[in-house]
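A.B. asks: Going by my numbering, the first residue of the sequence shown is number 108, and it counts up by one from there. Cβ atoms here follow ideal geometry from the backbone N, Cα and C, with glycine treated the same way.
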Amino acid sequence: MSAPRRHRVWRSLTLRLGLIYVALFLTSTAAMFGAAYWIGVYQPLLHETESVRVEAGDLAAIDRAAGRDALLRALEARRSTGPRRAFDALLAPDGKVLLANLPSWPDDPVPGWALLEADAYKGGQERDYEALVVEQRLDDGARLIVGRDVEDIDDRDELFTIGSAWLIVIAAALAIGGSIAMSSAVGQRIDMVTRTARRVMAGSLTERIPLRGTGDDFDELSETLNLMLGRIEESVESVRRVSDNVAHELRTPLARLHADLDELRSAESDDERQQLTEQAVAEAERLQAIFDALLRIARIESGRHLAGVKPVDLTTLLHDAVEFHLPDAEERGQRIESRIAPGLVMEADRNLIFQAVSNLLDNAGKYGGEGGTIGVTASAAGGTVRIAISDTGPGIAPEYRERVKERFFRVPGTGGQPGTGLGLAIVAAIVALHRGRIEIGDAGPGTEVVLSF
Numbered sequence: 108m109s110a111p112r113r114h115r116v117w118r119s120l121t122l123r124l125g126l127i128y129v130a131l132f133l134t135s136t137a138a139m140f141g142a143a144y145w146i147g148v149y150q151p152l153l154h155e156t157e158s159v160r161v162e163a164g165d166l167a168a169i170d171r172a173a174g175r176d177a178l179l180r181a182l183e184a185r186r187s188t189g190p191r192r193a194f195d196a197l198l199a200p201d202g203k204v205l206l207a208n209l210p211s212w213p214d215d216p217v218p219g220w221a222l223l224e225a226d227a228y229k230g231g232q233e234r235d236y237e238a239l240v241v242e243q244r245l246d247d248g249a250r251l252i253v254g255r256d257v258e259d260i261d262d263r264d265e266l267f268t269i270g271s272a273w274l275i276v277i278a279a280a281l282a283i284g285g286s287i288a289m290s291s292a293v294g295q296r297i298d299m300v301t302r303t304a305r306r307v308m309a310g311s312l313t314e315r316i317p318l319r320g321t322g323d324d325f326d327e328l329s330e331t332l333n334l335m336l337g338r339i340e341e342s343v344e345s346v347r348r349v350s351d352n353v354a355h356e357l358r359t360p361l362a363r364l365h366a367d368l369d370e371l372r373s374a375e376s377d378d379e380r381q382q383l384t385e386q387a388v389a390e391a392e393r394l395q396a397i398f399d400a401l402l403r404i405a406r407i408e409s410g411r412h413l414a415g416v417k418p419v420d421l422t423t424l425l426h427d428a429v430e431f432h433l434p435d436a437e438e439r440g441q442r443i444e445s446r447i448a449p450g451l452v453m454e455a456d457r458n459l460i461f462q463a464v465s466n467l468l469d470n471a472g473k474y475g476g477e478g479g480t481i482g483v484t485a486s487a488a489g490g491t492v493r494i495a496i497s498d499t500g501p502g503i504a505p506e507y508r509e510r511v512k513e514r515f516f517r518v519p520g521t522g523g524q525p526g527t528g529l530g531l532a533i534v535a536a537i538v539a540l541h542r543g544r545i546e547i548g549d550a551g552p553g554t555e556v557v558l559s560f
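1) Could you please give me the residues that DSSP links to Ser559 through a beta bridge?
2) Would you call the segment 196-210 in contact with the segment 243-252, where contact means no fewer than 3 C-beta pairs closer than 8 Å?
3) Hey, Gln243 and Ala167: beta-carbon distance below 7 Å or not?
4) Expressed to the nearest angstrom, what Euclidean distance is found between the alpha-carbon atoms of Asn626 and Arg296?
5) To the nearest angstrom, how far is the alpha carbon of Ser291 from that of Ile283?
6) Do Ala495 and Glu444 have their C-beta atoms within less than 7 Å of each other?
7) Helix, strand or coil for Glu454? Go by DSSP, reduced to three states.
8) Between which residues of its own chain and Gln441 is the CB-CB distance below 7 Å, once the five residues before and five after are set aside?
9) Cα separation between Val346 and Ile339?
10) DSSP three-state call for Thr321: helix, strand or coil?
11) For Ser286 and Gly125, I'd like the C-alpha separation in whole angstroms.
12) Rounded to the nearest angstrom, what separates Ala455 and Thr331 at their Cα positions?
13) According to DSSP, which residues form a beta bridge with Glu385?
14) Is it the case that the Cβ atoms of Glu258 and Asp235 are separated by a distance below 7 Å?
15) Quick one: what does DSSP say Arg250 is sitting in, helix, strand or coil?
16) Cβ of Ile260 within 7 Å of Cβ of Leu152?
17) DSSP on Tyr128, reduced to helix/strand/coil?
18) Under the rule that 16 or more other beta-carbon atoms within 10 Å means buried, what is Leu529, buried or exposed?
19) Could you give the residue range of the beta strand (DSSP E) that holds Leu206?
20) I'd like to know whether the C-beta atoms of Gly254 and Leu266 end up nearer to each other than 7 Å.
21) Quick one: grab the DSSP three-state call for Leu197.
22) So, helix, strand or coil for Thr554, using DSSP?
23) Excluding sequence positions up to five away, which residues of its chain have a Cβ less than 8 Å from the Cβ of Phe461?
24) Note the first and the last residue of the continuous beta strand (DSSP E) segment covering Gly482.
25) Rounded to whole angstroms, what is the Cα-Cα separation between Ser211 and Ala193?
26) Could you give the distance in angstroms between the alpha-carbon of Val416 and the alpha-carbon of Arg123?
27) If we ignore side chains and look at the alpha-carbon of each, how far apart do Leu361 and Phe516 end up?
28) Which term fits Phe325, buried or exposed, when burial requires 16 or more other beta carbons within 10 angstroms of its beta carbon?
29) Nearest by alpha-carbon distance to Ser497: which of Tyr507, Val464, Leu336, Thr491 is it?
30) By Cβ distance, which residues of its chain are closer than 6 Å to Arg446, with the 5 residues on each side in sequence left out?
31) Could you tell me if Leu540 is buried or exposed, where buried requires 16 or more neighbouring beta carbons within 10 angstroms of its beta carbon?
32) Taking C-alpha atoms, which residue in Ala163, Ala532, Ser329, Leu281 lies nearest to Thr301?
33) What are the start and end residues of the alpha helix (DSSP H) that includes Asp226?
34) Is Asn470 buried or exposed, if buried means 16 or more other CB atoms sit within 10 Å of its CB?
35) Give the DSSP bridge partners of Ser445, in chain order.
36) Going by Cα to Cα distance, which pick from Val204, Leu312, Val161, Ile146 is closest to Asn263?
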């Protein structure tokens, strides 16, 4: 691992979170071992201490009531009673041993309780014992030390101490190592995202984040970012095409306007000047129409019209749109067949929806052919309003059905039709503003455009 990467690993959020987890894990482990120690070692020791202390008190009472010989007999009898091996030592005030089966004891009085080694040898074999003892001072100053074997509790204590220490050390080492490894692995995945982002920032819009195919969170994030990068690439490409199309669409009317104005300066007759002036005005109006349409698309896409959204009587709106375009259709020998369900209502900007429907009816009339039929249907089902407008013209080839929604795009062979090439782009922007969907399909024959809201 290179020095910069090591430095980045130690500064990474993943490692810090991992170390926090290690601290929490070790704290919880220590708490768990503490609770187990309390239950398995400390409480049994307290219980045995209390039991031995009671025995010492009883033996001292025997000494006071029945004398020293009775005490000695009681100590001898005690050695064969109880679930645990009994230990004792009776020392005269001058230190002389009167009775003892403890191998050793402290010279000073035992405060509270103590653990003494009480190993015994039998048949050449050593037996390990650990005596928990308490001391009772008798009335004449003699020392009475009594206890019970707690070797099993002591073994448990040692097991807990050593086991917990090793477990904590091993767990800490594994957890820290795992945190570093996890931080390094996560860092590598993040580095891939960072490198791809930097290459995209440098202008390589075709770059994508590599996927490992594991289906994990990083793969899911990378896939989402790749989709976003794809949309950005499409948007940039669309802007480039729009820029090219704008330049192309404006060049012709500007060239004509320039030519008309140039000829106007040298025109000799009033009729010629009048004709050139009218031509120049027509080209200027065409330029103004293009700019107005582009500005309207920009405003729609920016969402400035959302303030006008309210419940709209769609049934009435569609009948009004049909009535508005009926004269133009009759002039072309076309008929409009409408099947509009009653009572259709949707939340929308009425003016924008009317414009979208009007643009579609205008296109159906222009490209539907003389004597054709324009179909208008509208219905609602499952909370979705569906508007379909169709014609009986030549239709749109499948490879152009998405591109006709782009600004200025015209299907090959339709350049002679009047218009700016922005009608469907406006419709698409209006539909997107209302979170709807636009689909262009085959009407067999002709084209069908379906708007769903």
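C.D. replies: Taking the structure as given:
1) As a position in the sequence shown, residue 559 is number 452, starting the count at 1. The partner list for Ser559 (beta bridge, DSSP) reads Arg493, Arg544.
2) yes
3) Locating residue 243 in the sequence shown gives position 136, counting from the first residue. Locating residue 167 in the sequence shown gives position 60, counting from the first residue. Their beta carbons are under 7 Å apart, which means Gln243 touches Ala167 by this criterion.
4) It is not possible to answer for residue 626, since the shown part of the chain is limited to 108 through 560.
5) What you label residue 291 is simply residue 184 of the sequence shown in a count that begins at 1. What you label residue 283 is simply residue 176 of the sequence shown in a count that begins at 1. Rounded to whole angstroms, Ser291 to Ile283 spans 12 Å at the Cα level.
6) Indexing the sequence shown from 1 puts residue 495 at position 388. Indexing the sequence shown from 1 puts residue 444 at position 337. Contact flag unset, no.
7) Counting from 1 along the sequence shown, the entry for residue 454 is found at position 347. It is a strand residue.
8) Position 334 of the sequence shown holds residue 441. Annotation for Gln441: Gly472, Gly475, Gly478, Gly479, Thr480, Ile481 place their beta carbon closer than 7 Å to its own, counting only its chain and skipping 5 residues before and after.
9) Counting from one through the sequence shown, the residue named residue 346 turns up at place 239. Counting from one through the sequence shown, the residue named residue 339 turns up at place 232. Between Val346 and Ile339, the C-alpha separation is close to 10 Å.
10) Within the sequence shown, residue 321 is the residue found at index 214, counting from 1. Residue state, collapsed to three classes: coil.
11) One-based indexing of the sequence shown puts residue 286 at position 179. One-based indexing of the sequence shown puts residue 125 at position 18. If you take the alpha carbons of Ser286 and Gly125, they lie about 5 Å apart.
12) Within the sequence shown, residue 455 is the residue found at index 348, counting from 1. Within the sequence shown, residue 331 is the residue found at index 224, counting from 1. Each residue's Cα considered, the two are about 31 Å apart.
13) Working through the sequence shown from its first residue, we reach residue 385 at position 278. Per DSSP, none; premise fails for Glu385.
14) Position 151 of the sequence shown holds residue 258. Position 128 of the sequence shown holds residue 235. Taking the C-beta atoms as reference points, Asp235 is found nearer than 7 Å to Glu258.
15) The residue given as residue 250 occupies position 143 in the sequence shown. Correct three-state label for Arg250: strand.
16) The residue given as residue 260 occupies position 153 in the sequence shown. The residue given as residue 152 occupies position 45 in the sequence shown. Going by C-beta atoms, Ile260 is nearer than 7 Å to Leu152.
17) Walking along the sequence shown from the start, residue 128 turns up at place 21. DSSP places Tyr128 in helix when its eight states are reduced to three.
18) In the sequence shown, the residue the question calls residue 529 occupies position 422. Around the beta carbon of Leu529, 16 or more other beta carbons sit within 10 angstroms, so the residue counts as buried.
19) The residue given as residue 206 occupies position 99 in the sequence shown. Note, Leu206: beta strand (DSSP E), 204-207.
20) Mapped onto the sequence shown, residue 254 falls at position 147. Mapped onto the sequence shown, residue 266 falls at position 159. No, the pair does not count as a contact, with Cβ atoms beyond the cut-off.
21) Looking up residue 197 in the sequence shown gives position 90. In this structure, Leu197 counts as strand in the three-state DSSP scheme.
22) As a position in the sequence shown, residue 554 is number 447, starting the count at 1. Strand at Thr554.
23) For the purposes of this step, residue 461 is taken as the residue at position 354 of the sequence shown. The beta carbon of Phe461 is closer than 8 Å to those of Leu424, Asp427, Ala428 in its chain, skipping five residues each way along the sequence.
24) By 1-based counting over the sequence shown, the position of residue 482 is 375. It spans 480-488 - the beta strand (DSSP E) in which Gly482 sits, taken as one unbroken run.
25) Along the sequence shown, one-based indexing puts residue 211 at 104. Along the sequence shown, one-based indexing puts residue 193 at 86. Going by the C-alpha atoms only, they are around 14 Å apart.
26) The residue labelled residue 416 in the question sits at position 309 within the sequence shown. The residue labelled residue 123 in the question sits at position 16 within the sequence shown. Straight-line spacing of the CA atoms in Val416 and Arg123 works out to 49 Å.
27) For this step, residue 361 is matched to residue 254 along the sequence shown. For this step, residue 516 is matched to residue 409 along the sequence shown. When rounded, the separation of the alpha-carbon atoms in Leu361 and Phe516 is 19 Å.
28) On the sequence shown, residue 325 is found 218 positions in, with the first residue counted as 1. So Phe325 counts as buried.
29) Residue 497 sits at position 390 when you count from the first residue of the sequence shown. Out of Tyr507, Val464, Leu336, Thr491, Val464 has the C-alpha closest to the C-alpha of Ser497.
30) In the sequence shown, the residue the question calls residue 446 occupies position 339. Within the same chain, and ignoring the five residues on either side of Arg446 in sequence, the residues whose Cβ sits closer than 6 Å to its Cβ are Thr484.
31) Translated into positions along the sequence shown, residue 540 becomes position 433. The residue in question, Leu540, is buried, as its Cβ has 16 or more Cβ neighbours within 10 Å.
32) Translated into positions along the sequence shown, residue 301 becomes position 194. When only C-alpha atoms are compared, the closest one is Ser329.
33) In the sequence shown, residue 226 corresponds to position 119, counting from 1. Premise fails: Asp226 is in no alpha helix (DSSP H) and is neither H nor E.
34) To locate residue 470, count along the sequence shown from 1; it is residue 363. Burial state of Asn470 is buried, judged by a 10 Å Cβ sphere holding 16 or more other Cβ atoms.
35) Stepping through the sequence shown from its first residue, residue 445 is reached at position 338. Assignment of beta-bridge partners to Ser445 by DSSP yields Val483.
36) Here the question's residue 263 lines up with position 156 in the sequence shown. Per the sequence presented here, residue 263 reads as Arg, with Asn not at that position. The candidate whose alpha carbon is nearest that of Arg263 is Ile146.
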